[in-house]
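Residue numbers (our numbering): 14 to 232.
For glycine and all other residues, C-beta sits at the position ideal for the given N, C-alpha and C.
Let me begin by presenting the structure, written as structure tokens, before commenting on it.
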Amino acid sequence: MPAPPPIRVLLADDHTLVRRGVRLILDGEPDLTVVAEAGDGAEAVAAARTTEVDLAVLDVAMPRTTGLQAARELSRRLPGLRILILTMYDNEQYFFEALKAGACGYVLKSVADRDLVEACRAAVRDEPFIYPGAERALVRSYLDRLHRGDGLPRRPITEREEEILKLVAEGHTSKEIGELLFISAKTVERHRANLLQKLGMRDRLELTRYAIRAGLIEP
Numbered sequence: 014m015p016a017p018p019p020i021r022v023l024l025a026d027d028h029t030l031v032r033r034g035v036r037l038i039l040d041g042e043p044d045l046t047v048v049a050e051a052g053d054g055a056e057a058v059a060a061a062r063t064t065e066v067d068l069a070v071l072d073v074a075m076p077r078t079t080g081l082q083a084a085r086e087l088s089r090r091l092p093g094l095r096i097l098i099l100t101m102y103d104n105e106q107y108f109f110e111a112l113k114a115g116a117c118g119y120v121l122k123s124v125a126d127r128d129l130v131e132a133c134r135a136a137v138r139d140e141p142f143i144y145p146g147a148e149r150a151l152v153r154s155y156l157d158r159l160h161r162g163d164g165l166p167r168r169p170i171t172e173r174e175e176e177i178l179k180l181v182a183e184g185h186t187s188k189e190i191g192e193l194l195f196i197s198a199k200t201v202e203r204h205r206a207n208l209l210q211k212l213g214m215r216d217r218l219e220l221t222r223y224a225i226r227a228g229l230i231e232p
């Protein structure tokens, strides 16, 4: 019986060296092949629409559009596409956000050489992958939350506000943000004012610090 065709992977990370390393890991397996690469989330969404891919491996923190933002968009546009989040952050909030965004796995970069291949295969089998050691902490945290009556962590801002916050933190003007998101500069200003009010902040510096803590941009 002939072997099934290899799993076609889209790889998105803004660091060329990281992409090269991850590609070496994946292309070294007979059942995996990287067919497209992207340097940010927007490029990843565009690549997934023009290239036949089975699995997207997305870094969390990328310029313009984060991995989580790209995952939400890809889940909406291509519901059959499997998504893995690749991250340097061992962070429970990101993990829950990744699941809500449509990802079926969460892999730490520090152990990608050990876990990534297994996570890719699990994703294509439609099985969730959680990095080893995380399960106990996540379950305990979830049970603690339920015990306190808190439920799952909620996002304090909308998806659109998150997009604008990221671009503000990256130093774009309202006009530039409007052009990137196809909205008016006035609408951007309104969202920006809402963000400051919602988050109890005064200026771009505080928004930038928040964006770093939220994993939207790297420090």
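Less than 9 Å between the C-beta atoms of residue i and residue j, yes or no?
i	j	result
G191	V201	yes
V47	V22	yes
I84	A69	Just to set this straight, residue 84 is Ala in the shown sequence, not Ile. Yes, the Cβ-Cβ distance between A84 and A69 is below 9 Å.
A111	V73	yes
D128	V120	yes
L45	V130	yes
D27	V35	no
L208	I170	yes
K199	E174	no
I143	F108	yes
Check each candidate in the options and name the one with the smallest Cα separation from residue i.
i	options	result
L24	I38, F195, P18 and M14	I38
I98	L81, I196 and L87	L81
S88	D128, C117, L121 and I20	C117
L91	T100, A114, Y107 and F108	A114
R77	K199, R222, P19 and I177	I177
A55	E86, E42, P43 and R33	E86
E172	H204, E42, M101 and R217	H204
E231	L94, M101, R95 and V124	M101
L229	E42, L71, P141 and M75	M75
A16	E140, R32 and P43	P43
K122	E140, C133 and D103	D103
P40	S197, D126 and L94	Before going further, note that residue 40 is Asp rather than Pro in the sequence given. Selected option, being the one with the closest Cα: D126.
A135	I96, F109, R161 and V124	I96
I20	V124, C133, G93 and D53	C133
Just to confirm the assignment, what range does the beta strand (DSSP E) spanning residue i have?
i	result
Y119	G118 to L121
L23	I20 to A25
V66	V66 -> no beta strand (DSSP E), and no H or E assigned at all.
Once DSSP output is grouped into helix, strand and coil, what is the label at residue i?
i	result
R36	helix
A59	helix
E50	strand
L97	strand
F109	helix
L91	coil
I177	helix
L45	strand
Just reading off the alpha helix (DSSP H) that residue i is part of, what are its end residues?
i	result
D126	A125 to V137
I225	R217 to R226
T200	A198 to L212
L193	S187 to L194
Stretch pair the stretch 62–75 + the stretch 172–185: three plus CB contacts closer than 8 Å: Contact check between the stretch 62–75 and the stretch 172–185: fewer than three CB pairs, one atom from each, fall below 8 Å, which does not count as touching.
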